[in-house]
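J.: Before I ask anything, here is the structure I am working with.
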Amino acid sequence: MIETSTPEFALETSGEQTILRVSGDWTVRTVQAVDSDLRALTHTGRVVIDVSDLGQLDTAGAFVLDRTARQLSDDEPEIRGEHPIADNLISQVHAVTDVEEPKRKRDGGLIDMLERTGRGFHHMLQEAMATLAFLGETLVTTSRLLLTPWKLRWTSIVAVMEEAGLDAMPIVAFLSFFVGLVVAFIGATTLRDLGSEVFTVELVGFAMLRELGVLLTGIVLAGRTNSSFTAQIGTMKMRQEIDAMQTLGLKPMDVLVAPRIIAMVVVTPVLAFVGTLSGVIGGIIVGWLALDINPALFLDRLQNNVPVDQFWIGMSKAPVFGFVVALIACRQGLNVGGSVQSLGSKTTTSVVQAIFSIIVIDALFAIFYMEMGV
Amino acid sequence: MSEHIIIRIRDLKTAYGDHVVHEHLDLDVRKGEIIGIIGPSGCGKSVLLRAITGLKKPAAGSIEVFGKQLETLSERERGEIERRWGVMFQDGALFSNLTVRENVMVPMKEHTNLSEQLSRELADMKILMAGLEPSASAKFPSDLSGGMRKRAALARALALDPELLFLDEPTAGLDPITAAAFDELIRRLQKALGLTVFLVTHDVDTLNATCDRIAVLGDKHVLAVGTIDELRAFDHPWVQEYFGGPRGRAATGH
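Rendered as structure tokens:
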């Protein structure tokens, strides 16, 4: 470690001149010690900096000296005394910092808050418009490709189906199974007070078939598949692969978006089916172990008392969820800018939007089917 | 003389698995000089830089920086040494989630007791010194062009007024005018601050404009060290090709 001594300064007035006598080491490591005292100095008139006793000096020290000289007087600082580098260094620093300070914008305040609110709302509208535009573009591209199936990229469709469908199956099955268990347990304890535990079968049946099986699948996909799509496409965007694609005459919509959309629309119902099934199995196990409803009786009651419509209602939502998840993922992926940070923030946005949309769409479906009387 | 040698490398060997990059490599860097490191692609110029800065552990041999051997130092002593050098990586390696100003302030926050206000002012000065517009300080690295990113990286490398500056390909990918301005900038800063500069480059113009001495890497060690004129007289096919080729001749005016 290099030994350093504390920087010191003294201000002397002799006639017209003010002499700033500096001593000790003025470097980036020491200069903080005198900074606030120097800032407090005020004076107008000629300033001479006497560097005879100055030890080490670096740009930080030179900057502070130059700033002080500037604060004391409008004239160019005069350097007096012998020092190997002081004169050169101070004039270098003086030269580069001799520019108009750009005015710093102040933050905070009511007007600023209003401005941010306005901008936020405007941004939200734009975002909604852009999402709708992307929805339209996706629908057009996908239907065009479906009408000309030989142009579809079957390999990537199958790859996405494996990655987003088959690989997600265990987690979907497990989650639904446990939710099935929980629903059955809650039903059993509540219905026991009324002496009608056997209605647990209907509870599990309606809940899993109509709502939970498909909703859980949607949420798992939103967390798992959606984030991976956004990250994949976003990384390609970040590294200009998408630009390269376009210059080679490949349309990102055809190559990246359409296969993912098609694969997800096909594979989500399968996942939802598996999810529903494992949920029901969870219910059966609770019924069997805790309520003495044997599986045969459970299934019989399920068949007789839960209309098959309920199953179809659940399944009808699955392709929509798959579509929404893929749509949001691709859109946010293509929105990624040039930085790592934007990749992170877009992935977060993507997952949040997907989960939000799935729950809202599920609610809309509930209202729709209720009005239809199913 | 020994206190005038800032980097002393003796019998260095570095390797990635079985692939030996350097063997029996000796090199001295003197205080206050700009030394250029050249050599064919893949000869381990950047690896040498990584070895000196401690990013790559040498397999054998010794590297002394400021008279101390890095491996033998404690965590704290190493920190002391690290404060005395600045490194500028090939593509800038700026932190992308920080603005340019915040990037320059990172080493100050980490290693000094400077107040927020003073370090902000100092960072702005370094940014100006590196030849950027004042408006660049509030921008994020992704909003800058390649040349501006390199300048910002230089400003960060200079943040603590290092005695030793490592530059990895500072002018690669820049247009000739920007590259020439960069050379000029390095030279000027070196003069003003009395820096020692370790410069890895491919650019003959940069070598010619800035370097006091040049070390040629090849065959896993240093082939020759000397001024550009001495090297031109050096009898080695690659060196001859390098300085005798059309680009080399144009740059050195022979």
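Chains A and E supply the protein sequences, listed in that same order. Everything in the first sequence is counted per my numbering, starting at 82 for the first residue and increasing by one. Everything in the second sequence is counted per my numbering, starting at 89 for the first residue and increasing by one. Think of the CB as a built atom: it goes at the ideal place given N, C-alpha and C, for glycine as much as any other residue. Values in this document were obtained by computation on a predicted structure and should not be read as measured data.
(1) Could you tell me the distance, in whole angstroms, from the CA atom of I93(E) to the CA atom of L137(E)?
(2) Return the chain-ordered list of same chain residues with a C-beta closer than 6 Å to the C-beta of S308(A), the five sequence neighbours on each side being excluded.
(3) Using a cut-off of 8 Å between C-beta atoms, extract the partners of T200(E) located in chain A.
(4) Please classify I448(A) as buried or exposed, where buried requires at least 16 neighbouring CB atoms within 10 angstroms.
(5) Below 7 Å CB to CB, which residues in the same chain sit around F259(A) once its five sequence neighbours on both sides are set aside?
(6) For chain E, is any of its Cβ atoms less than 7 Å away from the one on R151(A)?
(7) Measure the Cβ-Cβ separation of G306(E) and T266(E) and say whether it is below 7 Å.
(8) Taking only the alpha-carbon atoms, compute the straight-line gap between L290(A) and I439(A) and give it to the nearest angstrom.
(9) Can you give me the start and stop residues for the alpha helix (DSSP H) that D271(E) sits inside?
(10) Determine whether the Cβ of S420(A) lies closer than 7 Å to any Cβ atom of chain E.
(11) Exposed or buried, S90(E), counting other C-beta atoms within 10 Å across all chains shown (16 or more means buried)?
(12) Mind checking who R291(A) pairs with in its DSSP beta bridge?
(13) So the alpha helix (DSSP H) R164(E) belongs to, where does it begin and stop?
(14) I want to see whether chain E comes within less than 7 Å of V441(A), judged by CB atoms only; does it?
(15) For L170(A), decide whether its Cβ has a neighbour in chain E, counting only Cβ atoms nearer than 7 Å.
(16) Quick one: residues in its chain with C-beta nearer than 7 Å to the C-beta of I365(A), no 5 flanking neighbours on either side, listed in chain order?
(17) Can you pull the chain E residues whose beta carbon is under 7 Å from the beta carbon of Q173(A), in chain order?
(18) Rounded to the nearest angstrom, how far is the Cβ of V406(A) from that of L302(A), given a contact under 8 Å?
(19) Identify whether A139(E) lies in helix, strand or coil by the three-state DSSP scheme.
(20) Which residues of chain A have a Cβ atom closer than 8 Å to the Cβ of F177(E), listed in chain order?
(21) Return the first residue and the last residue of the alpha helix (DSSP H) that T198(A) is part of.
(22) Classify H110(E): buried if its beta carbon has 16 or more other beta carbons within 10 angstroms, exposed otherwise.
(23) Where does the unbroken beta strand (DSSP E) through V108(E) begin, and where does it stop?
(24) Would you report the Cα separation of M82(A) and D293(E), rounded to the nearest angstrom?
(25) Does the CB of M82(A) have a neighbour CB from chain E at under 7 Å?
(26) Going by other Cβ atoms of all chains shown within 10 Å of its Cβ, with 16 needed for buried, is Y330(E) buried or exposed?
(27) Under DSSP, the alpha helix (DSSP H) around D99(E) begins and ends at which residues?
(28) Could you tell me whether the Cβ atoms of G315(A) and T349(A) are closer together than 7 Å?
T.: If we stick to the structure as given:
(1) Rounded to whole angstroms, I93(E) and L137(E) show a C-alpha spacing of 17 Å.
(2) T428, V432
(3) By Cβ distance, chain A contributes V109, R110, Q113.
(4) exposed
(5) G363
(6) no
(7) Taking C-beta atoms as the reference points, G306(E) and T266(E) fail to come closer than 7 Å.
(8) 17 Å
(9) 264 to 281
(10) yes
(11) Residue placement at S90(E) is poorly supported in this model, since its pLDDT is 49, which falls under 50; the coordinates are not used for a value here.
(12) Paired residue(s): none; R291(A) is not in a bridge.
(13) 163 to 171
(14) no
(15) yes
(16) P376, F379
(17) A280
(18) 5 Å
(19) helix
(20) By Cβ distance, chain A contributes nothing, its closest Cβ being about 16 Å from F177(E), past 8 Å.
(21) 191 to 228
(22) buried
(23) 107 to 118
(24) Low confidence applies here, because M82(A) scores a pLDDT of 44, under 50, leaving its location unreliable; read the following figure in that light. When rounded, the distance between both Cα atoms is 37 Å.
(25) For M82(A), the pLDDT reaches just 44, beneath the cut-off of 50, and the residue's location in the model is therefore unreliable, leaving the point undetermined.
(26) Classification for Y330(E): buried.
(27) Here D99(E) belongs to no alpha helix (DSSP H); instead the beta strand (DSSP E) covers 93 to 104.
(28) no
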